[in-house]
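Heads up: the structure comes next, in structure tokens.
Protein chains: 2
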Amino acid sequence: MKATVPITVASLKVACSQCNLVELCLPFGMSESEIDRLDELVGARRKIKRQQHLYRAGDPFEAIYAIRAGSFKTDVLLEDGREQVTGFQMTGEMLGLDGISTEAHSCNAIALEDSEVCVIAYSKLEELSRVVEGLQLQFHKVMSREIVRDHGVMTLLGSMRAEERLAAFLLNMSQRFTARGFSPAEFHLRMTREEIGSYLGLKLETVSRAFSKFQDEGLIAVQQKHIRILDITGLKRLIQHPSPSPRP
Amino acid sequence: MKATVPITVASLKVACSQCNLVELCLPFGMSESEIDRLDELVGARRKIKRQQHLYRAGDPFEAIYAIRAGSFKTDVLLEDGREQVTGFQMTGEMLGLDGISTEAHSCNAIALEDSEVCVIAYSKLEELSRVVEGLQLQFHKVMSREIVRDHGVMTLLGSMRAEERLAAFLLNMSQRFTARGFSPAEFHLRMTREEIGSYLGLKLETVSRAFSKFQDEGLIAVQQKHIRILDITGLKRLIQHPSPSPRP
DNA sequence: ATGGACCGTTGATCCACGTCAACCACAAAA
DNA sequence: TTTTGTGGTTGACGTGGATCAACGGTCCAT
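Protein sequence lines, in the order shown, are assigned to chains A and B. Just so we're aligned: 148 in the UniProt record's numbering is position 148 of the first sequence, and the numbers increase by one with no gaps anywhere. Just so we're aligned: 162 in the UniProt record's numbering is position 162 of the second sequence, and the numbers increase by one with no gaps anywhere.
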């Protein structure tokens, strides 16, 4: 991995206190004086072009990353070549937490569009979180949230049918776009049908068919990657009681 | 929740430094002097009878737990009554990490047999991990390991077929029993077929059939909950290339 | 011992989703 | 403009695992 980052305007620091993502990112819930101290933590920023890796499974773990702009997917690939998307990440979300346990990354992080991340050296994070209580608390919450999120995906994969999964996915995207100040009802997906399918444990054809079905039923309007949610309560209803047999 | 613990022999502290689980539990990798300081962290122990809850989804989060004896399952239940097992935990493993993010537990933890846990007050853990570096590092690794484990389950649920899932489950159990000094090839499952199925995203009948099939093929010997692995490489082969089409 | 829950096994049938295949839309390259 | 490639849609068909159902084994509590 070519680690040398050219000293350009792009790699100049931007204080967390100045960043409009505080509400979503690591600093959330920290006091102003605590956030000021974060500025010594967040080093260079790094730009990643669409389809490029931020890190690969097996890379030595040195830093975690906060997404400043753009979006990513993480995936693992099994020995036999099968690939599974384990998550999609948006601005303000953290990448790389999986690497702490073995000191090597356990998945690949790939940009879905031209993106930019803040690089947070893990050794510095540990050091600083020993003295800044709010940082320690926040960091633990971020990790814990990741665990809870993964449990959510496990229940989705373990107990939902195709259309429920896609409905849950759309509602989740909607909610995350909303939190970032975008429309809850209209957004642009950055990932392909195949990536959505991999994430949801479905084949791309099944994803495509479910999109079409939702459209026929007037729940959404789909045009390629552009989604418009027309009936949010209808989508919610879908995931609440399974299609056949309204409770045994 | 009746929180008062009677002062009995059972609740007396047992130093981590004296515990035979150090290799598996939170203290792993810490220096002796650091482990000694853990003793101020680990408060009362708590006994949980089979089928009883250690905590429930929604309970306020105050402590994490290290399993001293016995085993647990964690599960979440969806609005419509469906239930999903998110994990099985054995001695030395930690419970309750999901509670940090929202300060309330997000799943239920239920003993699969009469069990005992060490109660680790979270506020104390935060405090101590600010001064004991090894504890901080270890705790972060434990959380990260949970994330990696969850990703493993996600790939299992998202891309494996029934028999592969069960094979992976058995190999995982075998490996964990081995790490605890038990036989890699012969062990007693504490959970029902239904719980295994819920964890693996399968119905109990499918689990049962897969067990029978493995037995017919000479891979394992099953007698109710007692499992003997006869051909471990055969099981491993199962999860490496999918049944039909040996790679496209 | 004995009745009753609970748990596990096995068979028959069904259907949701995967598979295979053809075709279309759009974007970048030539 | 045409060409080429990637991503998306749709149809026809097959199948893995769910569902429904019957029965057997084990462990308790009486």
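The beta-carbon is built from N, C-alpha and C at its ideal position, and this holds for glycine as well. All values derive from a computational prediction rather than experimental measurement.
Counting contacts by CB-CB distance shorter than 8 Å, is residue i in contact with chain A?
{"i": "L155 (chain B)", "result": "According to the sequence provided, residue 155 (chain B) is Thr. The question's Leu does not apply to it. So yes, T155 (chain B) belongs to the interface."}
{"i": "L235 (chain B)", "result": "no"}
{"i": "T192 (chain B)", "result": "no"}
{"i": "S144 (chain B)", "result": "yes"}
{"i": "H53 (chain B)", "result": "no"}
{"i": "D114 (chain B)", "result": "no"}
{"i": "G134 (chain B)", "result": "no"}
{"i": "R37 (chain B)", "result": "no"}
{"i": "S208 (chain B)", "result": "no"}
{"i": "G181 (chain B)", "result": "no"}
{"i": "Q240 (chain B)", "result": "yes"}
{"i": "I147 (chain B)", "result": "yes"}
{"i": "E126 (chain B)", "result": "yes"}
{"i": "L26 (chain B)", "result": "no"}
{"i": "R130 (chain B)", "result": "yes"}
{"i": "L189 (chain B)", "result": "no"}
{"i": "L137 (chain B)", "result": "yes"}
Bridge partners for residue i per DSSP, in chain order?
{"i": "G87 (chain A)", "result": "A:T74"}
{"i": "Y65 (chain A)", "result": "A:L95, A:V119"}
{"i": "N108 (chain B)", "result": "B:D75"}
{"i": "I48 (chain B)", "result": "B:S115"}
{"i": "P60 (chain B)", "result": "B:A104"}
{"i": "V42 (chain B)", "result": "B:I120"}
For residue i and chain B, any beta-carbon pair shorter than 8 Å?
{"i": "C107 (chain A)", "result": "yes"}
{"i": "R232 (chain A)", "result": "Note on identity: in this sequence residue 232 (chain A) is Ile, with Arg being the wrong assignment. Closer than 8 Å: no."}
{"i": "H226 (chain A)", "result": "no"}
{"i": "D150 (chain A)", "result": "yes"}
{"i": "S33 (chain A)", "result": "no"}
{"i": "K203 (chain A)", "result": "no"}
{"i": "L170 (chain A)", "result": "no"}
{"i": "D59 (chain A)", "result": "no"}
{"i": "D216 (chain A)", "result": "no"}
{"i": "I64 (chain A)", "result": "no"}
{"i": "S159 (chain A)", "result": "yes"}
{"i": "residue 303 (chain A)", "result": "This structure leaves residue 303 (chain A) out entirely; chain A is present only between 1 and 248."}
{"i": "C16 (chain A)", "result": "no"}
{"i": "L97 (chain A)", "result": "yes"}
{"i": "L41 (chain A)", "result": "no"}
{"i": "I100 (chain A)", "result": "yes"}
{"i": "R176 (chain A)", "result": "no"}
Return yes when the C-beta of residue i is under 7 Å from any heavy atom of the ligand SAM, and no when it is not.
{"i": "K124 (chain B)", "result": "Summarising the ligand content, the structure contains no ligands, and the ligand SAM is consequently not present."}
Assuming the contact rule is C-beta atoms closer than 8 Å, residue i and residue j should be a hit. Round their C-beta distance to whole Å, please.
{"i": "D98 (chain A)", "j": "S144 (chain B)", "result": "6 Å"}
{"i": "R37 (chain A)", "j": "L128 (chain A)", "result": "7 Å"}
{"i": "L21 (chain B)", "j": "R68 (chain B)", "result": "7 Å"}
{"i": "I229 (chain B)", "j": "I220 (chain B)", "result": "5 Å"}
{"i": "S101 (chain B)", "j": "V42 (chain A)", "result": "With a Cβ gap of about 22 Å, S101 (chain B) and V42 (chain A) do not count as contacting."}
{"i": "M173 (chain A)", "j": "F187 (chain A)", "result": "6 Å"}
{"i": "K213 (chain A)", "j": "E163 (chain A)", "result": "7 Å"}
{"i": "L54 (chain B)", "j": "A109 (chain B)", "result": "4 Å"}
{"i": "C107 (chain A)", "j": "T86 (chain A)", "result": "6 Å"}
{"i": "E34 (chain A)", "j": "V132 (chain A)", "result": "5 Å"}
{"i": "V207 (chain A)", "j": "R190 (chain A)", "result": "Not confirmed; about 15 Å, so no contact."}
{"i": "H105 (chain A)", "j": "A57 (chain A)", "result": "6 Å"}
{"i": "L235 (chain B)", "j": "G201 (chain B)", "result": "Contact flag wrong, Cβ pair sits at about 19 Å."}
{"i": "D114 (chain A)", "j": "G70 (chain A)", "result": "6 Å"}
Review point. Name the residues in the segment 67-87 of chain A whose C-beta lies less than 7 Å from a C-beta of chain B; which are they?
Key: Those residues of the segment 67-87 of chain A that come within reach of chain B (Cβ to Cβ, closer than 7 Å) are V76, L78, E79, D80, G81, R82, Q84, T86.
Check your understanding: Mind pulling the alpha helix (DSSP H) runs of 4 or more residues that sit fully within the segment 115-158 of chain B?
Key -> Listed in chain order, the complete alpha helix (DSSP H) runs (minimum 4 residues) inside the segment 115-158 of chain B are 122-131.
Review point. Which whole runs of the alpha helix (DSSP H) in the UniProt domain "HTH crp-type" (160-233) of chain B are 4 residues long or more, in chain order?
Key: Counting whole runs of 4 or more residues, the UniProt domain "HTH crp-type" (160-233) of chain B contains the alpha helix (DSSP H) stretches 162-179, 193-200, 204-216.
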